[in-house]
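Following: one structure in structure tokens, then a few remarks.
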Amino acid sequence: MKSIRVYISGTVQGVMFRKYLEEQGNAIGVRGFVRNMDDGRVEVVMEGVDEKVRQMLDVCKAGTKHAIVRSIEVNEIKNQGFEGFKISKL
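This is the structure in structure tokens:
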């Protein structure tokens, strides 16, 4: 089981990126949340088997047509025991 916190910078707010990540997280099968930060970044906290976490991290790095990812910061964290993957409020 792997747990990480990811901070994504770029054009990532106001472009439906959180909704996209919520859908992808549930489809891939990771657990955790995604939320907008006050500083313009998006935070993703996820956990799951290593391969699924790597797959979701690739989704985060890729962005979308409108969500342009400029940089990403990844930190390993303790397992939180989430259920599902959802959008959270700060």
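Counting the sequence shown from 1 gives a position; this note's numbering is that position plus 1319. No residue lacks a Cβ here, since even glycine has one placed at the ideal position from N, Cα and C. A quick note: this is a predicted structure, and the numbers were derived from the prediction, not measured.
#1: Give the secondary structure of F1336 by DSSP, where H, G and I count as helix, E and B as strand, and everything else as coil.
#2: For the alpha helix (DSSP H) holding K1371, just list the boundary residues, first then last.
#3: Are the CB atoms of A1386 and V1349 within a distance shorter than 7 Å?
#4: Identify which residue in S1322, D1357, F1352 has its Cα closest to the Cα of G1333.
#5: Using the Cα positions of F1404 and R1389, report the straight-line distance between them to the nearest angstrom.
#6: Give me the Cα-Cα distance between K1408 and D1369, rounded to the nearest whole angstrom.
#7: Which class does I1396 belong to by DSSP, given the choice of helix, strand or coil?
#8: Going by C-alpha distance, which of G1329, L1340, I1347, E1341 is nearest G1359?
Let me lay it out:
#1: In the structure shown, F1336 adopts helical secondary structure according to DSSP, grouped into three states.
#2: Here the alpha helix (DSSP H) through K1371 covers 1369-1381.
#3: Their beta carbons are not under 7 Å apart, which means V1349 does not touch A1386 by this criterion.
#4: Selected option, being the one with the closest Cα: D1357.
#5: C-alpha separation (whole angstroms): 24 Å.
#6: Roughly 26 Å separates the two Cα atoms.
#7: Coil at I1396, not helix or strand.
#8: Each of G1329, L1340, I1347, E1341 was checked against the Cα of G1359, and the nearest Cα belongs to G1329.
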